[in-house]
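Participant: So the sequence lines, in the order shown, correspond to chains A and B.
Residue numbers for the first sequence follow my numbering, beginning at 411 and rising by one.
Residue numbers for the second sequence follow my numbering, beginning at 5 and rising by one.
All residues carry an ideal CB built from backbone N, CA and C; glycine is no exception.
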Amino acid sequence: MIRWLILACIALGAVRATAQVPAPAPVAPVVAPAAAAPATAQDPARYGGFTGTEQTAIDPVYDMNLDGLRSHADYPTFTKALQKLPPKDVKAQAYLDALDADLASMRMRADFGSDPTGRQILNVLRAHIDRIAASLNTISADPQRLELPLATALGRDQFVDEFWTEAVVRDVPWKLGEDGWEVHAYLEVGNQRFLPIYAWLHTGNSDPQTSKRTLVTYMSPAQALGVMAFCDAASLVRDSVNPIESTAAELRLINEAWNNYLMRGYPQFPWENVVNDWYASSAWNRPPTSQLVVLHPAPGLLMDIGSATTAELDVALLVHAIGYVHYIGDDRAWYVGGSATLAVPADDDIGLGYGLTVHCGNTTEKSIFPAIDVGLLWHEGTDDDGWMLSLGFDAARLLAPSN
Amino acid sequence: MITNYVLLIHGMGDHTKKGWSKKWLECIEANAKLFAPYADGSRALSDDVKFIEIEYDSVFEQGYRQRWKNLAGALKDAALPSALKPALQEIAQVEDARIPEFAWTHLLDPLLWFGLKQARQAVIAQVNDQIGKHVKAAIAAKADVHILAHSLGTSVIHDSLLCLASEFPASFDPGRGGKRFKSLTTVANVSRFLNATDSPSDALSIGAFKPHESRVRPGDLVADFVNVRHTCDPFTFPRTFAPDWKTPAVAGISPDRFDELLNIHDLQTQFDHPIVARECLSRFTGRRTLGAKPEEMPAAWKRYEKRYGKSGAFAFQDTLKLLHPDANRDLGLGELARYLTSYVKEALA
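Structure representation (structure tokens):
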């Protein structure tokens, strides 16, 4: 009950949006956002051993998006071996060799091999690649490892391949709205091997309108370009072995199954939604296979099957008191079930009927197979008793306009 | 070539029709034009970013809302589950003709998401189906994938990402070679307020779905996380999302200005804040120095002040006082009833 009331608060907030309210007098917020000061793990001015330099003019390298980066003339020189890997089915060892080869090419460039910061970048990348190699050793010995798919290796706990994506680092004593440093780096930020690219130095943030951001860079534009290109190419190789096509197909099927069950399955009245929410086992990727039918009213027709000479149909209210429906197939495309049914005919002379009803239907969107509710009921009328056939029309289905 | 896909996750209300994000996109594009290279028209935001609508409202609409609404009309609410009745009765007492429609289009969404296990699971399946489709396209296009979620959508995307990573690690768990979302921006985050009470996944316990402790955080399932919370938005006061992750961006941006109180909760009111716009757009476009030209931010602030003339005030002070001393605590039934009543009174004041 408490949960429902909490939700009502939210909903009334939406309701609130329709009403006109005069502006009240200013007051302080009642609840302030939590603001715990993080522990300082790094000096941002010398982050990860790299020294930051304030920039008065911004080099275009720092404003390049992925499109700009990949179309840069120097991109292929930093990523030659990684780009040569096959578009699919990359082997873990081949990936490692490509990282090695591109790192070796980088070392040949004066920006890296002959520059202290460049050598530091190479050392970080070297340590990272060595760690991948060591982890690969733990999961597969030669010669089998030559054939180990990268996708398989990535799925193993022991295989370590880290953060190729640029991100704002943790453990810098700053947050938006305060003076301080916002450091952007590549590689896993938790293992003390960073490649910081740039930072924003925020000052005067007590007044956001007059606050100032100064760009601080940790490497030259050419070095930054090399790091960004290398990391991007590595990231693309990882993406190339992502089994996203089969995943997307599976996700499609899961959703279709849910739609078949919830929107086109045996219809549920609200109380049945609640009962089945409690009763039917399910998960987001496992729609229910079973459903209870509870006090489910439906208009229907009754036919006296005891009389071979007349085929009169009588209107009745059918109430499926309790029943069960089972769904078949990964896509929950069919259901079949039965209910104990009570029939209240419009014609009092026919009398109350009771018996069993069979439910059957196809739930797929374009199905032409009609939902069938056929029952065999015993009735006790004013003049005679006997068996009747019932044909149900589902009112709950009719209430859903999509059907 | 477009190298950034932004998945848009809506909040409560009617979003079943394609094009529901029109107002969002107008706002986002207007803000992009404050900054180079979009300011002078030499480049359009659509040259760099593809915005994609993710829709889950049809689960509520076709699975429940329409059928329940028609039935309730026919049976005068007598057929609704008893758990819903107190909330609906509160709504019924408010004398405003617009409210019944709001009750059905807005109230039921969070009610169903929060209250019915199957509704939550079906929504996650629907969202994840669309995410799978668009991430597949993004990988083929060698693009980064970002997410912008608002209100109820923040809770929906939180659970959806966790389910994806746990059931399809090779595709969505970065620790297993899966795609890492480049950024997640949540506006009016209610993920703690609408926290799951039953795990929607076979693979994860309910503890994995606590937003402050979950894997939906920077450096894990997403690379970067921006949280935007208007200081006057009453939706975000109970069980405020305010994690201490020691990552700067998530510390949040807190707009405090508005034009009408009614619009405080809207995504547009919060996205128009110059720092929100700059931080979001620099991520969406991949342009690290967006907004760095000296004249850009002052102009953005001027526009913001002109558009949003009110600040530092909110109409819900009596209601919010009821959350004292701790808005994170579980409120008792009596307290909640008073909160609700106060809310209605202030809304009609």
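According to the Cβ coordinates, are Lys-314 of chain B and Asp-263 of chain B closer than 8 Å?
Facilitator: yes
Participant: Can you pull the chain B neighbours of Thr-657 of chain A, defined as C-beta to C-beta under 7 Å?
Facilitator: Gly-136, Phe-172 and Ser-175
Participant: Please state whether DSSP places Arg-196 of chain B in a helix, a strand or coil.
Facilitator: coil
Participant: What are the start and end residues of the beta strand (DSSP E) that includes Cys-236 of chain B?
Facilitator: It is not in any beta strand (DSSP E) - Cys-236 of chain B carries neither H nor E in the DSSP assignment.
Participant: Roughly how many whole angstroms lie between the Cα atoms of Arg-323 of chain B and Leu-266 of chain B?
Facilitator: Correcting the residue type first, residue 323 of chain B is Thr in the shown sequence and not Arg. Approximately 16 Å, taken between the alpha carbons.
Participant: What is the DSSP secondary structure of Lys-314 of chain B, reduced to helix, strand or coil?
Facilitator: strand
Participant: Please list the partners that Ile-468 of chain A has in chain B, where partner means a Cβ-to-Cβ separation under 7 Å.
Facilitator: Thr-293 and Ala-296
Participant: Compute the distance between the beta-carbons of Leu-156 of chain B and Pro-204 of chain B, then report whether it is under 8 Å.
Facilitator: no
Participant: Assign Arg-47 of chain B to one of three DSSP states: helix, strand, or coil.
Facilitator: coil
Participant: Quick one: list the residues of chain B neighbouring Asn-670 of chain A, beta-carbon separation under 8 Å, in chain order.
Facilitator: Neighbours of Asn-670 of chain A on chain B: none; closest Cβ ~11 Å, over 8 Å.
Participant: Thinking just about the alpha-carbon of each residue, which of B:Met-16, B:Ala-43 and B:Pro-259 is nearest to the one in Glu-299 of chain B?
Facilitator: B:Ala-43
Participant: Is the Cβ-Cβ distance between Glu-722 of chain A and Leu-702 of chain A less than 8 Å?
Facilitator: No. Outside cutoff.
Participant: Name the two residues that bound the continuous alpha helix (DSSP H) containing Lys-186 of chain B.
Facilitator: First-last for Lys-186 of chain B: undefined, no H or E at that position.
Participant: Tell me which residue opens and which closes the beta strand (DSSP E) that Thr-461 of chain A is part of.
Facilitator: From DSSP, Thr-461 of chain A is part of no beta strand (DSSP E); its letter is neither H nor E.
Participant: Shortest alpha-carbon distance to Arg-196 of chain B belongs to which of B:Leu-168, B:Phe-185 and B:Thr-158?
Facilitator: Answer by Cα proximity: B:Thr-158.
Participant: Between Phe-539 of chain A and chain B, is the shortest Cβ-Cβ distance under 8 Å, so that the two count as touching?
Facilitator: Just to set this straight, residue 539 of chain A is Ile in the shown sequence, not Phe. For Ile-539 of chain A, the answer is no, since every Cβ of chain B falls outside 8 Å of its Cβ.
Participant: Taking the beta strand (DSSP E) that Leu-492 of chain A falls in, what are its first and last residues?
Facilitator: Taken as a continuous stretch (DSSP letters only), Leu-492 of chain A belongs to no beta strand (DSSP E), being part of the alpha helix (DSSP H) at 485-494.
Participant: Near Asp-759 of chain A, which residues of its chain fall below 7 Å by C-beta distance, leaving aside the five closest residues on each side in sequence?
Facilitator: Correct list, in chain order: Gly-791, Thr-792 and Asp-793.
Participant: Do the CB positions of Asp-202 of chain B and Lys-121 of chain B come within less than 8 Å of each other?
Facilitator: yes
Participant: Indicate the three-state DSSP secondary structure (helix, strand or coil) for Glu-264 of chain B in the structure shown.
Facilitator: coil
Participant: Looking at the structure shown, is Phe-229 of chain B part of a helix, part of a strand, or coil, going by DSSP?
Facilitator: The three-state reading of DSSP puts Phe-229 of chain B in strand, counting E and B together.
Participant: Given that Ile-732 of chain A touches chain B, what residues does it touch there, using C-beta distances under 7 Å?
Facilitator: The premise fails here: Ile-732 of chain A is roughly 18 Å from chain B at the closest Cβ pair, so nothing lies under 7 Å.
Participant: Enumerated in chain order, which unbroken segments of the alpha helix (DSSP H) with a length of 4 residues or greater are wholly contained in the region 659-711 of chain A?
Facilitator: If one requires a minimum length of 4 residues, the alpha helix (DSSP H) runs lying completely within the region 659-711 of chain A are 680-689, in chain order.
Participant: To the nearest angstrom, how far is it from the Cα of Leu-49 of chain B to the Cα of Gly-523 of chain A?
Facilitator: 39 Å
Participant: List the DSSP bridge partners of Trp-591 of chain A.
Facilitator: Answer by DSSP bridge pairing, in chain order: A:Leu-611.
Participant: Give a yes or no on whether the C-beta atoms belonging to Arg-233 of chain B and Ala-331 of chain B are separated by under 8 Å.
Facilitator: no
Participant: Quick one: is Phe-779 of chain A buried, meaning 16 or more other Cβ sit within 10 Å of its Cβ, or exposed?
Facilitator: exposed
Participant: Starting from Ala-561 of chain A and walking both ways along the alpha helix (DSSP H), at which residues does that stretch end?
Facilitator: Note, Ala-561 of chain A: alpha helix (DSSP H), 560-564.
Participant: Please decide whether Leu-705 of chain A counts as near chain B, where near means a Cβ-Cβ distance under 8 Å.
Facilitator: No, Leu-705 of chain A does not count as interfacial toward chain B.
Participant: Which one or two residues does DSSP pair with Asp-714 of chain A in a beta bridge?
Facilitator: DSSP links Asp-714 of chain A through a beta bridge to A:Met-798.
Participant: Sorted by chain position, which residues of the same chain lie with C-beta nearer than 7 Å to His-19 of chain B's C-beta, five sequence neighbours on each side aside?
Facilitator: Glu-59 and Asp-61
Participant: When the Cβ atoms of the region 734-743 of chain A are set against those of the region 666-676 of chain A, are three or more pairs found closer than 8 Å?
Facilitator: yes
Participant: Skipping 5 residues on each side, what residues in its chain have a beta carbon closer than 8 Å to that of Asp-484 of chain A?
Facilitator: Ala-632, Leu-635, Gly-636 and Ala-639
Participant: Does the beta carbon of Arg-555 of chain A come closer than 8 Å to any beta carbon on chain B?
Facilitator: Output row for Arg-555 of chain A: interface = no.
Participant: Indicate the three-state DSSP secondary structure (helix, strand or coil) for Tyr-737 of chain A in the structure shown.
Facilitator: strand
Participant: What does a CB cutoff of less than 6 Å around Val-768 of chain A pick up in its chain, not counting 5 residues either side in sequence?
Facilitator: If we look at Val-768 of chain A and ignore the five residues flanking it on each side, its Cβ neighbours are Gly-748 and Val-784.
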